[in-house]
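Residue numbers (our numbering): 243 to 343. Note that CB positions come from ideal geometry on N, CA and C, so glycine has one too. Take a look at the structure set out below.
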């Protein structure tokens, strides 16, 4: 666990990761995400029931800078696209954000 309370480790597929955020003393939130480096995009799969906290509330410039460092990525330019989908895919629409880093 890093000083910022974030742990990132690779998942089963290329450019996909698990993210664990420490919240409080004994609480952790779990997320799964993919990185599309060509399109400068990070795609989160939000599972509020499992994590207890929506990833949408975590997305800040500092959070994204820490995430980019954790996966050892050097994006071209200073802006990336963040897409958030419901993990169950009941909603076909995702949330799309532009994030300066």
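Below 7 Å between beta carbons: does that hold for residue i and residue j?
i, j, result
"residue 323", "residue 340", "yes"
"residue 274", "residue 262", "no"
"residue 297", "residue 308", "no"
What does the alpha-carbon distance come out to for the pair residue i and residue j?
i, j, result
"residue 301", "residue 310", "12 Å"
"residue 248", "residue 293", "14 Å"
"residue 318", "residue 282", "8 Å"
"residue 251", "residue 305", "16 Å"
I need the boundaries of the alpha helix (DSSP H) containing residue i, first residue and last residue.
i, result
"residue 304", "303-312"
"residue 293", "290-293"
For residue i, does the count of other Cβ atoms within 10 angstroms reach 16, so buried, or fall short, so exposed?
i, result
"residue 286", "buried"
"residue 277", "buried"
"residue 342", "exposed"
"residue 290", "exposed"
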